[in-house]
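Read top to bottom, the protein sequences are chains A and B. Number 23 in the numbering used here belongs to position 7 of the first sequence; there are no gaps in the numbering. Number 33 in the numbering used here belongs to position 27 of the second sequence; there are no gaps in the numbering. Structure first, commentary second.
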Amino acid sequence: MITLNHVSKSFEGREVLSDISAVFEKGKTNLIIGQSGSGKTVLLKSIVGLHDINEGEIYFNDILFNKLNFSGKKEIRKKMGMLFQGSALFDSSTVEENVMFPLDMFTDMTKEEKLDRVNFCLNRVNIINSIIYSLQKLVVV
Amino acid sequence: MKIFHLFGEYILLLVKVFTKPERGKIYYSLIVKEIDKLGIHSIGIVAIISAFMGAVITLQTAYNTENPFLPEYLIGLAARDSILLEFSSTIIGLILAGKVGSNIASELGTMRVTEQIDALEIMGVNSASYLILPKIVATILFNPFLTMLSIVIGIIGGWSVGVFTGVVTTQSYIEGIRYAFIPYYITYAIIKTIVFAFLITTISAFYGYRVQGGSLEVGQASTRAVVMSSVFVLLFNLILTQLLLS
Chain A
17 MITLNHVSKS FEGREVLSDI SAVFEKGKTN LIIGQSGSGK TVLLKSIVGL
67 HDINEGEIYF NDILFNKLNF SGKKEIRKKM GMLFQGSALF DSSTVEENVM
117 FPLDMFTDMT KEEKLDRVNF CLNRVNIINS IIYSLQKLVV V
Chain B
7 MKIFHLFGEY ILLLVKVFTK PERGKIYYSL IVKEIDKLGI HSIGIVAIIS
57 AFMGAVITLQ TAYNTENPFL PEYLIGLAAR DSILLEFSST IIGLILAGKV
107 GSNIASELGT MRVTEQIDAL EIMGVNSASY LILPKIVATI LFNPFLTMLS
157 IVIGIIGGWS VGVFTGVVTT QSYIEGIRYA FIPYYITYAI IKTIVFAFLI
207 TTISAFYGYR VQGGSLEVGQ ASTRAVVMSS VFVLLFNLIL TQLLLS
């Protein structure tokens, strides 16, 4: 469960988030809807710790996430997933290398095991040879 | 006040860069890739500039020492000391500040604006260490080789042009190269190169890593990285010369 208590965030004096409180319960799908520039992305990036908030608290279960140090945040971030607006694929790498990256970083799998896993994941989203914009999202998923 | 703020941010980034890497094996392959990209791909420009630099130093020294009372070997001696003490390390440092500095700043800046750095952070990867540390290690390991190469090519360039134009004979030039040689000068050039490599890489990475905005800001960050790297190379050249040669 993620809990936001009175979260505020501003950039160079310009307030983007003001006194936001919300609870995101486990197993539920939540929607954040707002006009362009209203702060949806800033809120999401604040929740996952990409932006440091100015005021308030963000809890992951009972852990006060926004007060954790870098290594503390790192451990929780390993359990997070986020789909970026622009896909955020490593554009100088191949699809295979993109999908394999977390396996390289966090597992001790052999090359063959990693390739099997990558092929399994790519087959699940039906990516064969080419990548167009809409399919980029599938690579990230 | 802004300068202190920037310096603080730079130090904080370095602290993040030099935290223990997640997986050493991955870093090893990244360092090899960076050596290829930042070092081996710079050999061409270093060789061309060094050859012309050595040639010009030899010609200028020859025209300024046209005096029957001055021995001809002075041309080789002046060329050697100029190349060894100053030109190879500092000029190559400045050239690399332009080539490598803009490369690093634009690469990291583009990764920042396309959210690739954010994606690394979300995965729990220390993005600063993963992206910047291999570049620092690669340039510190490889740039001394570039400086040595520059010294050799500079001296050969000076000799070939000197002999071709007839301002010095091969024998006099070699005599000058060997005359009163102090091996410490090579150590001095390598120390300077290592310091410059660290400055160029970290300053450029700093400006690239903190880009906010879009392609316009990436270009601005790239320019700023080159300018600041060059300024700090010159500043530390002065400091190191005073510290190491006084």
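Using N, Cα and C, we set each Cβ at its ideal position, and we do this for glycine too.
Does the beta-carbon distance from residue i to residue j come in below 7 Å?
{"i": "B/GLY3", "j": "B/GLY82", "result": "With chain B covering only 7 through 252, there is no way to say anything about residue 3 of chain B."}
{"i": "B/THR145", "j": "B/THR199", "result": "no"}
{"i": "B/TYR191", "j": "B/LEU80", "result": "no"}
{"i": "A/GLY65", "j": "A/LYS42", "result": "no"}
{"i": "B/GLY164", "j": "B/THR64", "result": "yes"}
{"i": "A/PHE27", "j": "B/GLU121", "result": "no"}
{"i": "A/ILE92", "j": "A/VAL23", "result": "no"}
{"i": "B/ALA195", "j": "B/SER94", "result": "yes"}
{"i": "B/LEU19", "j": "B/ALA125", "result": "no"}
{"i": "B/GLY130", "j": "A/LYS94", "result": "yes"}
{"i": "B/SER235", "j": "B/GLY107", "result": "yes"}
{"i": "B/GLU72", "j": "B/SER178", "result": "no"}
{"i": "B/THR171", "j": "B/ILE98", "result": "no"}
{"i": "A/VAL58", "j": "A/VAL32", "result": "yes"}
{"i": "A/ASN77", "j": "A/MET17", "result": "yes"}
For residue i, report the span of its beta strand (DSSP E) as first-last.
{"i": "B/LYS43", "result": "From DSSP, B/LYS43 is part of no beta strand (DSSP E); its letter is neither H nor E."}
{"i": "A/ILE18", "result": "18-27"}
Contact defined as beta carbons within less than 8 Å: I believe residue i pairs with residue j. What is the distance between those atoms, to the nearest angstrom?
{"i": "A/ASP120", "j": "B/ILE37", "result": "With a Cβ gap of about 15 Å, A/ASP120 and B/ILE37 do not count as contacting."}
{"i": "A/ASN85", "j": "A/GLU73", "result": "Their Cβ separation, rounded to whole angstroms, is 16 Å, which puts A/ASN85 and A/GLU73 out of contact at 8 Å."}
{"i": "B/LEU102", "j": "B/ASN149", "result": "7 Å"}
{"i": "B/VAL232", "j": "B/SER156", "result": "Rounded, the Cβ-Cβ distance is 20 Å, inconsistent with contact."}
{"i": "B/SER56", "j": "B/GLY160", "result": "4 Å"}
{"i": "B/VAL23", "j": "B/ILE138", "result": "5 Å"}
{"i": "A/MET96", "j": "B/ILE128", "result": "6 Å"}
{"i": "B/ASN132", "j": "B/GLU28", "result": "7 Å"}
For residue i, which residues of its own chain have a beta-carbon under 6 Å away from its beta-carbon, when the five flanking residues on both sides are left out?
{"i": "A/TYR75", "result": "THR19"}
{"i": "B/ILE142", "result": "THR207"}
{"i": "B/TYR213", "result": "ALA111, ALA227, ARG230, ALA231"}
{"i": "A/GLU112", "result": "VAL134"}
{"i": "A/LEU21", "result": "Correcting the residue type first, residue 21 of chain A is Asn in the shown sequence and not Leu. Hits under 6 Å: SER37, GLY72, GLU73."}
{"i": "B/ALA84", "result": "THR67"}
{"i": "B/LEU44", "result": "VAL106, ALA144, THR145"}
{"i": "B/LEU250", "result": "TYR194"}
{"i": "A/GLN51", "result": "none"}
Report all residues from its chain with a CB closer than 7 Å to the CB of residue i; omit the five preceding and five following residues, and keep chain order.
{"i": "B/LYS39", "result": "none"}
{"i": "B/VAL224", "result": "SER112, GLY115, THR116, VAL119, VAL217"}
{"i": "A/SER34", "result": "SER24"}
{"i": "B/VAL167", "result": "ALA61, THR64, LEU65"}
{"i": "B/GLY104", "result": "VAL232"}
{"i": "B/SER88", "result": "ILE63"}
{"i": "A/ILE49", "result": "none"}
{"i": "B/ALA245", "result": "With the sequence shown as reference, residue 245 of chain B is identified as Ile, and Ala is not the correct amino acid for it. Excluding residues within five positions, none has a Cβ falling inside 7 Å."}
{"i": "B/LEU205", "result": "SER235, PHE238, VAL239, PHE242"}
{"i": "B/ILE180", "result": "GLY82"}
Tell me which residues share the same chain as residue i and place their Cβ nearer than 8 Å to its Cβ, disregarding the 5 neighbours each side in the sequence.
{"i": "B/THR96", "result": "LYS198, PHE202, VAL239, LEU240, ASN243"}
{"i": "B/PRO140", "result": "TYR33, LEU36, ILE37, LYS39, GLU40"}
{"i": "A/CYS137", "result": "VAL115"}
{"i": "B/VAL173", "result": "THR64, LEU65, ALA68, TYR69, ILE81"}
{"i": "B/THR175", "result": "GLU78, VAL169"}
{"i": "A/SER87", "result": "none"}
{"i": "A/LEU80", "result": "GLU73, ILE74"}
{"i": "B/ARG86", "result": "ILE161, GLY182, ILE183, PHE187"}
Considering just the uninterrupted stretch of the alpha helix (DSSP H) at residue i, what are its terminal residues?
{"i": "B/ASN73", "result": "It is not in any alpha helix (DSSP H) - B/ASN73 carries neither H nor E in the DSSP assignment."}
{"i": "B/PHE204", "result": "190-215"}
{"i": "B/TYR179", "result": "176-184"}
{"i": "A/ASP124", "result": "It is not in any alpha helix (DSSP H) - A/ASP124 carries neither H nor E in the DSSP assignment."}
{"i": "B/ALA134", "result": "133-171"}
{"i": "B/ASN243", "result": "221-251"}
Ordered list of alpha helix (DSSP H) runs contained in the segment 14-62 of chain B, each at least 4 residues: Qualifying alpha helix (DSSP H) stretches, in chain order: 30-40.
Runs of beta strand (DSSP E) lying entirely within the segment 20-91 of chain A, each at least 3 residues, in chain order: Segments of the beta strand (DSSP E) lying fully in the segment 20-91 of chain A: 30-40, 71-76.
Mind listing, in chain order, the continuous alpha helix (DSSP H) runs of no fewer than 4 residues lying wholly within the segment 84-139 of chain B? Look at the segment 84-139 of chain B and you find these whole runs of alpha helix (DSSP H), each 4 residues long or longer: 98-119, 122-128.
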